Structures are given as structure tokens and as C-alpha cells.
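Residue numbers (the numbering used here): 855 to 1224. Beta carbons are placed, not taken as given, at the ideal position from N, Cα and C, and that holds for glycine. Note that the structure is a prediction, hence the values are computed from the model and not measured. Here the structure is laid out as C-alpha cells; the discussion comes afterwards.
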């Protein structure tokens, strides 16, 4: 039994892999990671950009697809093929766990982050095209994304809500999920088949807060560095436990509804001065997911600590955010900036990927408008 297995069996946290590539699917690495204890996969436009532009493994498939469609259509065909293959690898785990894990996530186009109708349409279409029960379609938690999330849940579709950076927006996400389930229940839907995670981004919070604390420069500001992300995530877990309890939630749980698990995302340590597992070891607890890139998975297998930590020091977490506010660090402004940057980064990766594919098509004399 590995530390990843223990993470799930001893603490109730599911370790997922934050990466997906055709190479890893074909050479058995992804299946091997399942054997080591990985229980799901997340992807995003940046991950696909690295996968599709860093290898020739997609060349033959792309050359075939570009003959009958656009560059953008070819991308979605290749991405869907990878996700479908991964879903098949994880489906036995999904079945064994009664649908508790074994999920693979695919994100709607980042160009739709501020388009409610477009996001709703594309999320619905992805679920129809890849009609497997362990697919999670990722929708960003932008203001425009929230009603799309609610609509998808009300239709009984599995959703991974991504790019959550603030406690306030996380509250909106929880409400969208619960009200969506209530609507689905009214139409006679089977609540037990609906699954969702709420991806709360972690390390990027410290990156931005530390930058602001450095500008302040005072000793009391320096003393607060490297702690905001974990503090906010622990308060998010408090909110999770509060909102998924009480009469309103119990009425849904009695009909088979599952909680929307918090998923800790962006958990690789960006600052080399911090412990490499800061955003893993500090946020372990039941009904949570931690999605890790390959290097972080390897680090946890080697020296991770399996112990419940997500709900300790709750008072200290609140005091830390209060101390930040007293120094003039506006967490609402931090989260707003990070959301904009997150959407922009995924859009940039998507555009660069399509351009690279367009260039490849033109090299073969098969250029097509994307």
C-alpha cells in the first residue's frame, strides 16, 4: 500500500492527477498511477497545450482530422479521444467505488468563460459526445459561469467547477450546486447519479499575496508570507462542512445526493523556499480531493504525511486573514485579479495551441481556419 492509498483509506481524501497526455495513456503510465493510488484525472487547456505541442504522438491523428474539419475541431476530437481513453482506464475504479471516484475532467472552451449561454451549450454538448458516467465537465466559477453550473446540475450532469479563488465565490458555487439539485429533484431526477467537485485554487493565492506583502516590506508583513493560501482553504473547508449540513441539505441527502467535494487545485509549490508538499500535507481531510501534477505525486509517494490537517487551526486561519486585511491586503481584490489571470492564462494556452496546430496544418499544405 502506498501513501496515496493510505491518503484515501485513512483520511478520506482522494488523490487525483493534474495531467493528461496520450503518451501516458499508451505507455501504461496512467494505469500504473491508478495502481499506485491515483483516483482521478484533471485536465485544462495548458495541459493539452503541453501535451499536443511537445510530442509527435498526435501527428497522424491530426493529419487525418484536418482533412475534414477545422483546426479547432481537430483539437476537440483529439482531446475527447484522450479523455475517453482515460475514462475507460478509470471506469473500473468508478464502478468499484460506487461512483465516489474514477473521474476524468475536460474543460469547456476558455473563450466562453464570460458567456453563460455558450458555456451551458458546450458543457451539455461535451456530456452528450462523451456519454460516460465518470466524465466531469469543467466550468469556471466566473460570475457568468455560476448560472451555467446551476443549469447543468439541474439537468443531472456531472460538473467540476474550476478557478475558485475566494470564499465568497465558493459560497456562490455551493448554492448553485444545491439549488441545481433541488431543481433536478423536482423533475424526478435521480440525485445519486450526480457528482461534482469545487476546485479551490491554492498556491497562486500565496504567490499574489506574498507579492503584495513584499511591497509593504514591514517585518509584520514578512511574517505573514506563505500562509494565506492554506488559511483561506481551511476556511473554505469550514464553509463546506457548514453548508452541507442542516435541514436543507439533509432533505437532498435523504434522496441520495452526494456532497460537492472541495478539490484543492494548483497544489505544486511555486516558491522554492516553501516545503514541496505545503499545499498537500496542510489540506488533508475527509470528502476532499487534491489534484497534483506528476512531480507533486512523486514527492508525496516519497515523503508525504498522511494525517488529517484540513480542519485544525481554524481560528488561526481566520486570524491570519484578519491580519492581512489590517495591513491593507484586500483578499477580494486578490481573488478578482487571480480569476482574471486564470481565465486569461487558459485562453492564452488555448489560442497558442490552436496557432501551433494551424502552423502544423500549413506545413502540410492543409491549412484551415480555426
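In terms of CA proximity to residue 1047, 986 leads the group 1094, 894, 986 and 1066. Taking the Cα positions, residue 1120 is about 14 angstroms away from residue 1136.
In the DSSP annotation of this structure, the continuous segment of the beta strand (DSSP E) that includes residue 1052 starts and ends at 1050-1055. In this structure, the straight-line span from the alpha carbon of residue 1002 to that of residue 1013 is close to 10 angstroms. For residue 997, the three-state secondary structure derived from DSSP is coil. For residue 1112, the number of other beta carbons within 10 angstroms of its own is at least 16, and it is reported as buried.
Excluding the 5 residues flanking it on each side, residue 1106 has same chain C-beta neighbours closer than 8 angstroms at 1032, 1035, 1036, 1039 and 1045, in chain order. Counting only runs of at least 4 residues, the region 858-936 fully encloses the following alpha helix (DSSP H) elements, listed from N- to C-terminal order: 876-880, 883-890, 899-907 and 913-919. Taking each of 1052, 1063, 863 and 884 in turn and checking the Cα distance to residue 1184, the smallest one comes out for 1063. The residue from 921, 874, 869 and 1171 with its alpha-carbon nearest to that of residue 1078 is 1171.
Residue 1073 and residue 1168 have their C-alpha atoms spaced approximately 24 angstroms apart.
Secondary structure at residue 1012: coil, using DSSP grouped into helix, strand and coil.
Across the set 924, 865 and 1055, the C-alpha of 1055 shows the shortest separation from the C-alpha of residue 1191. Within the same chain, Cβ atoms closer than 6 angstroms to the Cβ of residue 1189 are found at 1019 and 1020, the five residues on either side in sequence being excluded. Residue range 1185-1217 is occupied by the alpha helix (DSSP H) that includes residue 1189. Measuring C-alpha to C-alpha distances from residue 1050 to each of 1141, 1177, 1076 and 916 identifies 1141 as the nearest.
The Cβ neighbour count for residue 1203, taken over all protein chains shown within 10 Å, is at least 16; the residue is labelled buried. Apart from sequence neighbours up to five positions away, the residues of its chain that approach residue 1030 with a beta-carbon distance below 6 angstroms are 1000, 1003 and 1004, ordered along the chain. In this chain, the beta strand (DSSP E) harbouring residue 958 covers 957-961. Between residue 948 and residue 988, the gap from beta carbon to beta carbon is short of 9 angstroms.
Collapsing the DSSP output to three states places residue 1116 in a strand. Of the other Cβ atoms in all chains shown, 16 or more fall within 10 Å of the Cβ of residue 1138; this residue is therefore buried. In this structure, residue 869 sits away from residue 961, with a CB-CB distance that is not shorter than 9 angstroms. Contact between residue 929 and residue 895 does not hold, since their C-beta atoms are separated by about 18 angstroms, which reaches or exceeds 8 angstroms.
The DSSP-derived three-state label of residue 1124 is coil. With three or more CB-CB distances shorter than 8 angstroms, the region 964-980 counts as touching the region 991-998. For residue 1145, the enclosing beta strand (DSSP E) begins and ends at 1142-1146. Looking at 1028, 981 and 1160, the one whose alpha-carbon comes closest to that of residue 1116 is 1028. Per the Cβ contact rule, the region 1174-1183 is not in contact with the region 897-911 (fewer than 3 Cβ pairs under 8 angstroms). Distance from residue 1128 to residue 1196 at the Cβ level is roughly 21 angstroms; contact not present, criterion being Cβ atoms closer than 8 angstroms. Annotation: residue 1098 is outside any alpha helix (DSSP H) and is labelled neither H nor E by DSSP. With respect to the 9 angstroms criterion, residue 871 and residue 1158 are not classified as neighbours on the basis of their beta carbons. Per DSSP, the unbroken alpha helix (DSSP H) holding residue 1038 starts and ends at 1021-1040. For residue 1162, no alpha helix (DSSP H) segment is defined, and its DSSP state is neither H nor E.
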